[in-house]
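So the structure is just underneath, and the comments pick up after that.
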Amino acid sequence: MNDCHSNDAVSPVAETFSRRNRFGKIEIAPLPQLTKREFTLALVGNPNAGKTTLFNALTGLRAKTANFPGTTVERRIGRAAIGRQEIVLVDLPGLYSLKSSAPEEKLAGDALRGQIAGHAAPDAALVVVDATNLERNLFLASEVLELKRPVIIALNMMDMAEREGIRIDVKKLREELGCIVVPIAARTGKGVDELRSEIERLAGCAVVESAGRFKTNCVTACAGCPYQARYEWTESVSARVMNAAAARRPQRTEKLDEILTHPVAGVAVFLAVMLAFFFLIFWAAKIPMNLIDHLFATIGTWVAGHVAQVDLQSLLVNGVVGGVGGVLVFLPQIVILFFALSLLEDTGYLARAAFVMDKIMRKLGLPGKAFVPLLSAHACAIPAVMSARVIENPRDRLATILVAPLMACSARIPIYAMITALLFPQSPFKAALVFTGAYAMGIVFALGMAWVFQRTILPGGSKSLVIELPPYRLPGLRTAFLHTFDRAKIFVKQAGTIILLISLLLWTLSHYPKSAPPAAVAVMTTQAVQLEKSGAQKQADELRATADHLTAQSALQNSFAGKIGRVIEPAIKPLGFDWQIGIGIISSFAAREVIVSTLAVVYGVGENAAEQNRTSLYDKLRHATRSDGTPVFTVATCMSLLVYYILAAQCLATSVVVRRETNSLKWPLFQIFYMTGLAYIAAFITYHIF
Amino acid sequence: MSPCERRLDELPPRTCAVVRRIETDGEDIQRLKTLGLCVGRQIEVVKSGDPLIIKIFGSRIGLSASLAARVWLEICVPDQCTLQNPSPT
Chain G
1 MNDCHSNDAV SPVAETFSRR NRFGKIEIAP LPQLTKREFT LALVGNPNAG
51 KTTLFNALTG LRAKTANFPG TTVERRIGRA AIGRQEIVLV DLPGLYSLKS
101 SAPEEKLAGD ALRGQIAGHA APDAALVVVD ATNLERNLFL ASEVLELKRP
151 VIIALNMMDM AEREGIRIDV KKLREELGCI VVPIAARTGK GVDELRSEIE
201 RLAGCAVVES AGRFKTNCVT ACAGCPYQAR YEWTESVSAR VMNAAAARRP
251 QRTEKLDEIL THPVAGVAVF LAVMLAFFFL IFWAAKIPMN LIDHLFATIG
301 TWVAGHVAQV DLQSLLVNGV VGGVGGVLVF LPQIVILFFA LSLLEDTGYL
351 ARAAFVMDKI MRKLGLPGKA FVPLLSAHAC AIPAVMSARV IENPRDRLAT
401 ILVAPLMACS ARIPIYAMIT ALLFPQSPFK AALVFTGAYA MGIVFALGMA
451 WVFQRTILPG GSKSLVIELP PYRLPGLRTA FLHTFDRAKI FVKQAGTIIL
501 LISLLLWTLS HYPKSAPPAA VAVMTTQAVQ LEKSGAQKQA DELRATADHL
551 TAQSALQNSF AGKIGRVIEP AIKPLGFDWQ IGIGIISSFA AREVIVSTLA
601 VVYGVGENAA EQNRTSLYDK LRHATRSDGT PVFTVATCMS LLVYYILAAQ
651 CLATSVVVRR ETNSLKWPLF QIFYMTGLAY IAAFITYHIF
Chain Y
691 MSPCERRLDE LPPRTCAVVR RIETDGEDIQ RLKTLGLCVG RQIEVVKSGD
741 PLIIKIFGSR IGLSASLAAR VWLEICVPDQ CTLQNPSPT
């Protein structure tokens, strides 16, 4: 019984240096290393076995999320002080079998076997087993035991099992498996201390132990279906250790599923849930978003008050504070989305949502779960792209990520509002129609492009639906908090680095090279001084404001952005855009909504008009003329601009997040390229139709 | 083919059956096997349609009818079926 630290083990120290192998010979183990070596423990388990809850219970906030090298599959690494030792815990993706061919599961298996380049195999495995579903969970446990590495089994959800009347003889299970088995309830924390001391004992030994006594007897012997053989074994073990005679499987799950998986009622419930979900990220997020906006505006004003030098002031206020603030403003949406999503997943509902939506979504070449990110994209593409992780199949996930930013996000609203106001100032009905059309066009193009990608660059056919429908459970708030914190951290890190750099670059483009203010400004300033002297304070202020607008206008027109606008004019002329709209497109490359304030500056209404005095901006735009005297914003140009902004990829934050989520530069670049190309062609056609 | 073999997607709800044969062996089928849907195992159909729900051990699995159409089963004699009527003693 000493193949493994077991219940009746002798002193751990004595066990460390010698042990009997399976043939009864005593093996002399190498002396423990004197240098402090970190003990790594990998958490493995079926999806829904409560692995993450246990991981969080052991590590808490001290966990980091990182990709497996060269992939987009994440693992969480955390440290835990257990006894006197620092243990490194690695949370591997949930899996059903070590021999699985699904990428995430394969990586988990490889990591456990130490087959990932540059990463040694973990010193031991902590297998999380769902006590309420022993037969299925022992399948993976037996595969892990056969790796002949030290194994601790955490028999999780013991509280649920007890409630269901399932009694498990833990001692007997230990004997059957030949390894440590600790009954726990990760959610309530029951048994976690015992588990800690078992981990401490295991980590105290320097020898890699073998679980040599363990044998499923049938795995190699049976020809034919190895799965069947192993399942027969798990069933026989379960029958021996478990007394399920008094089991009363809760009817709750089955009753709920009658409704929630119903082809009609299920879809209706799903739509209601999604509506609430969307309401949260679209409307409820507005309050904290406004707060963040205010906060950054206040910081900007404060900085402006303390930095006198004009260029430095503008750099700090517009470049740094504005750039970071413009990205952090999305944080509430991300936090709310991931919190809600984590709760939905934890209750078991997300699996049902995937189930009922699968048939409908499959017709579009996407899996049922793609509905969640595609809907979220209507609020913001950033959380949408991040939430595409709910889709297991990498190909389906990539297709979803590629098309999600085509959905009309909230940053497009100011642009749509501007254009509809230009087109139909008198007809709210027509304006509403254009708005609806813009949303519909986003959806149609997103789904259409998904369809195209599945048949061209992402071949291989969608995976058929196979999904476990776990029992409904109360969600764990702690898990949801930690998951949300994790996602927010990743986003902030990106915002603080790449996005800040690029927003500084764009600031430079629109502020340099410096140019002298036009002659008229000097005249206006003198006039303003005179007016002030004669007591006409109001007129003086107005004149000063006009002079400021003129200065800003001329500075922007003469900046690099202005020059680029002129250079690209021949290219955008077929779309009905002049070079001034070109400046708008350049400056809104990182954030599409910026075009409204850029146009305000370009047409001399002042940046503030975009927020405070929309009517004066719209009036000015309506009366803006080209060099030949014809109006700029004709119906054709407005429609073309609208179509361009429906489809173009003018959001850098999204591109940065896509880069992270696809772990490649190729896909975000491709996305920018295809979306801009699509926008260009569609705008061209639109311009020529009207 | 044995005459009692029926396709999984054709079975009515509340049927208990033993898997006899699985056509082809793609990645999807592999996945079903790791979940316990393999030859010789007993399952229960919880809900028919597309997608359908089956019960293997205590777990419920949703799968599309196109996959289910590749699985052939033999219906169990009712009172021999341990899964169909969990005895609430």
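Which chain is which? The protein sequence lines are G and Y, in order. Residue 303 in this note's numbering sits at position 303 of the first sequence, and the numbers go up by one each step. Residues are numbered in this note's numbering as their position in the second sequence, beginning at 1, plus a constant of 690. Each residue gets a CB set at the ideal place from its N, CA and C atoms; glycine is no exception. None of these values were measured; they are calculated from a predicted model.
The beta strand (DSSP E) enclosing residue i, as first and last residue numbers
{"i": "Y:G752", "result": "S749 to L753"}
{"i": "G:N156", "result": "V151 to N156"}
{"i": "G:P183", "result": "I180 to P183"}
{"i": "Y:K737", "result": "Q732 to K737"}
{"i": "Y:L742", "result": "L742 to I746"}
{"i": "G:E468", "result": "V466 to L469"}
{"i": "G:G45", "result": "F39 to G45"}
{"i": "G:V88", "result": "Q85 to D91"}
{"i": "G:V128", "result": "A124 to D130"}
Extent of the continuous alpha helix (DSSP H) to which residue i belongs
{"i": "G:G266", "result": "A265 to F279"}
{"i": "G:Q228", "result": "P226 to V241"}
{"i": "G:C638", "result": "V635 to L647"}
{"i": "G:I586", "result": "W579 to S587"}
{"i": "G:K538", "result": "Q537 to N558"}
{"i": "G:A351", "result": "Y349 to R362"}
{"i": "G:V704", "result": "Coverage of chain G is limited to positions 1 through 690, which leaves residue 704 of chain G absent and any answer about it impossible."}
{"i": "G:V521", "result": "A519 to K533"}
{"i": "G:L316", "result": "First-last for G:L316: undefined, no H or E at that position."}
Residue i CB to nearest heavy atom of the ligand ADP below 7 Å
{"i": "Y:V729", "result": "Of ligands this structure carries none, so the ligand ADP is not represented either."}
CB contact below 8 Å: residue i versus chain Y
{"i": "G:L465", "result": "yes"}
{"i": "G:S387", "result": "no"}
{"i": "G:N133", "result": "yes"}
{"i": "G:E468", "result": "yes"}
{"i": "G:F371", "result": "no"}
{"i": "G:K666", "result": "no"}
{"i": "G:D293", "result": "no"}
{"i": "G:P263", "result": "yes"}
{"i": "G:S142", "result": "no"}
{"i": "G:D358", "result": "yes"}
{"i": "G:Y349", "result": "no"}
{"i": "G:S97", "result": "yes"}
8 Å Cβ shell around residue i - same chain, five flanking residues per side excluded
{"i": "G:A555", "result": "H511, K514, S515 and P517"}
{"i": "G:R660", "result": "I490 and Q494"}
{"i": "G:M675", "result": "P405, L406, L647, A648 and A649"}
CB contact check: residue i to chain G, cutoff 8 Å
{"i": "Y:R808", "result": "Because chain Y spans 691 through 779 in this model, residue 808 of chain Y falls outside it and cannot be assessed."}
{"i": "Y:R750", "result": "yes"}
{"i": "Y:E764", "result": "no"}
{"i": "Y:R731", "result": "yes"}
{"i": "Y:E717", "result": "yes"}
{"i": "Y:L701", "result": "no"}
{"i": "Y:L753", "result": "yes"}
{"i": "Y:T705", "result": "no"}
{"i": "Y:T714", "result": "no"}
{"i": "Y:S756", "result": "yes"}
{"i": "Y:C694", "result": "no"}
{"i": "Y:L698", "result": "no"}
Contacting residues, own chain, Cβ-Cβ under 7 Å from residue i (five flanking each side not counted)
{"i": "G:A480", "result": "F339, S342, L343 and D346"}
{"i": "G:A590", "result": "I502, S503, L506 and L652"}
{"i": "G:V327", "result": "A495, I499 and A653"}
{"i": "G:L202", "result": "H5, A124, P150 and I152"}
{"i": "G:A57", "result": "A186, G189 and V192"}
{"i": "G:R113", "result": "A121 and L147"}
{"i": "G:A488", "result": "L331, I334 and V335"}
Residues that DSSP places opposite residue i in a beta bridge
{"i": "G:E74", "result": "G:N67"}
{"i": "Y:I712", "result": "Y:V761"}
{"i": "G:R79", "result": "G:V88"}
Cutoff 6 Å; reference residue i; Cβ partners in own chain excluding five residues on either side
{"i": "G:N318", "result": "W507"}
{"i": "G:K369", "result": "A354, V390 and I391"}
{"i": "G:Q579", "result": "Going by the sequence as given, residue 579 of chain G is Trp instead of Gln. Result list for G:W579: G565, R566 and E569, in chain order."}
Query raised in the report: Is the stretch 255 to 268 of chain G touching the stretch 351 to 358 of chain G in the sense that three or more CB pairs, one from each, lie closer than 8 Å?
Result: Look at the beta carbons and you see the stretch 351 to 358 of chain G touching the stretch 255 to 268 of chain G: at least three pairs across the two are nearer than 8 Å.
Query raised in the report: Are three or more beta carbon pairs between the stretch 395 to 413 of chain G and the stretch 361 to 378 of chain G nearer than 8 Å?
Result: Per the Cβ contact rule, the stretch 395 to 413 of chain G is in contact with the stretch 361 to 378 of chain G (3 or more Cβ pairs under 8 Å).
Query raised in the report: On the three-pair Cβ rule with 8 Å, is the stretch 711 to 718 of chain Y touching the stretch 741 to 750 of chain Y?
Result: Under the three-pair Cβ rule at 8 Å, the stretch 711 to 718 of chain Y does not count as touching the stretch 741 to 750 of chain Y.
Query - Three-pair Cβ contact test at 8 Å for the stretch 565 to 576 of chain G versus the stretch 539 to 550 of chain G - result: They do not touch, by the three-pair rule.
**Report entry** At least three beta-carbon pairs within less than 8 Å, the stretch 677 to 687 of chain G to the stretch 636 to 653 of chain G
**Finding:** Short answer: they touch.
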